[in-house]
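Undergrad:
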Amino acid sequence: MKNTLARSKPIRTRDPERTKAQILEAALNEFVSHGYNGAKVHQIAKSAGCNARLIYHYFDNKERLYEAALRSIYSEIRKREVALHLDTLPPEQAIMRLTETTFDFFENNTAFLSIIRSENLLGGRFIAQIPEIQQMSAPFLDNISDVLKRGHAEGVFRAEIDALQLYVSIVALSAHHINASHTLSATFGLNVSGSDWRRDRRQHVLDMVNSAVR
């Protein structure tokens, strides 16, 4: 699978923002590979090319560093979604664009799925302590709801589609084959990680979402 998190380069401590960014990049790699409990601060420091004390200077402790990593990955997907400007698109196009973007994001950012799986194993307790994640997510959900209402008013969408239910369904359809690629491949004797299968999967997801909202 692809992993878009590149290996960190040695950092220059004279540039605090650059230093923090490269520490965070190294931390993301470590949390993705080993989860919160398995991640080691000394390994993050080694990967970032800095002293562990510098990590504690900028992030206080491992918990704060992990929270910064979660905040960073959620910010990335929310920024991509906001950049879609769903409010400016016709309802049908807006939902298809949202589905395409969600599918492609997970396809090309398996690190995001890995760290979210890890957080789920922890009961979501760290995300619950980061109010910014909910604050950045709520307006986007409102945007989806507005698109659905516009679509119904125009006679192209059915009534009373729940925005959160729809978004969760899009996420599930876009991510399950990645999260369970090994077991699905072994169970059905085919490679669900292959480019042809993934291309067909993408179109299947678009067709399902399109049918669900009409």
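Okay, so the sequence shown: first residue is 1 according to full-length UniProt numbering, each after it adds one.
Cβ atoms here follow ideal geometry from the backbone N, Cα and C, with glycine treated the same way.
Given S137, which residues of its chain have a CB within under 7 angstroms of its CB, disregarding the five upstream and five downstream residues?
TA: Same-chain partners within the cutoff: R78.
Undergrad: Shortest alpha-carbon distance to N143 belongs to which of R80, A48, F31, H85?
TA: Out of R80, A48, F31, H85, H85 has the C-alpha closest to the C-alpha of N143.
Undergrad: Would you tell me roughly how many angstroms separate the C-alpha atoms of I55 and A186, rounded to the nearest one?
TA: Distance between the alpha carbons of I55 and A186: 41 angstroms.
Undergrad: Is DSSP giving K40 helix, strand or coil here?
TA: Coil at K40, not helix or strand.
Undergrad: Nearest to R150 by alpha carbon, out of A111, I95, S174, A21?
TA: Looking at the Cα atoms, I95 is the closest of the given residues.
Undergrad: What residue from R199, N61, A212, V213 has the CA that sits closest to F103's CA?
TA: Measuring from the Cα of F103, the nearest candidate turns out to be R199.
Undergrad: Looking at C-alpha atoms only, which residue of Y74, E92, V192 is the closest neighbour of A111?
TA: Residue Y74 is the option with its Cα nearest to A111.
Undergrad: Reducing DSSP to helix, strand and coil, say where A83 ends up.
TA: Coil.
Undergrad: Taking the Cβ atom as the reference point for each residue, do H42 and A52 lie within a distance shorter than 8 angstroms?
TA: Yes, the pair counts as a contact, with Cβ atoms nearer than the cut-off.
Undergrad: Put D142 into one of helix, strand or coil per three-state DSSP.
TA: D142: helix per DSSP, three-state reduction.
Undergrad: Keeping to the same chain, check which residues put their C-beta closer than 7 angstroms to that of H177; ignore five residues upstream and five downstream.
TA: L184, V192, R201, listed in sequence order.
Undergrad: Checking 8 angstroms against the spacing of the C-beta atoms, do S118 and Y36 come in under that value?
TA: Cβ atoms of S118 and Y36: closer than 8 angstroms.
Undergrad: Does DSSP put V209 in a helix, in a strand, or in coil?
TA: Helix at V209.
Undergrad: What is the DSSP secondary structure of N108, reduced to helix, strand or coil?
TA: Looking at N108 - three-state DSSP - the assignment turns out to be helix.
Undergrad: With a Cβ-Cβ cutoff of 8 angstroms, do V205 and L173 count as a contact?
TA: The answer is yes: Cβ separation under 8 angstroms.
Undergrad: For a test of the three-state rule: what should DSSP assign to R117, helix, strand or coil?
TA: In the structure shown, R117 sits in a helix (DSSP, three-state: H, G or I).
Undergrad: Grab me the residues of E67's own chain with a C-beta within less than 8 angstroms of its C-beta, minus the 5 sequence neighbours each way, in chain order.
TA: The answer, listed in chain order, is F126, Q129, I130.
Undergrad: Which residues in the same chain as I23 place their Cβ atom closer than 6 angstroms to its Cβ, once the five residues preceding and following it in sequence are excluded?
TA: Within the same chain, I23 has close Cβ partners A48, I55.
Undergrad: Alpha carbons only, please: which of A212, L122, S195 is nearest the one belonging to R158?
TA: Residue A212 is the option with its Cα nearest to R158.
Undergrad: Taking a contact to mean a Cβ-Cβ separation below 8 angstroms, would you say L141 touches L164 in this structure?
TA: Going by C-beta atoms, L141 is nearer than 8 angstroms to L164.
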